[in-house]
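The opening position of the sequence shown corresponds to residue 5 in the working numbering, with each subsequent residue numbered one higher.
Note that CB positions come from ideal geometry on N, CA and C, so glycine has one too.
Since the structure is predicted, the reported quantities are computational estimates derived from the model, not experimental observations.
One structure below.
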Amino acid sequence: MAWQEASPLLNIKAPVQEAMNAVKKELAIPIPALIGQKTWREERVNNINAVIKALVAAIFRTSPTS
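Here's what the structure looks like:
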């Protein structure tokens, strides 16, 4: 259908999938057993926040009002 091709909502599927994959990759990194847990946690939080910010930016780029 022609309206589906022009719909910006359908264009967010790829950025959302990329964000989900990036978050899954971050969460798959094992937690250190003894030393470095705080650093591990901070790195995961920072990296996941960066993924979310990139996703929001991608959504706004596809928004019809922008």
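- DSSP places ALA18 within a helical segment (H, G or I) once states are collapsed to three.
- The segment 45-62 and the segment 15-26 touch, with three or more beta-carbon pairs separated by less than 8 Å.
- With 16 or more other Cβ atoms inside 10 Å of its own Cβ, ALA23 counts as buried.
- The straight-line gap separating the alpha-carbon atoms of GLU46 and ARG65 is approximately 29 Å.
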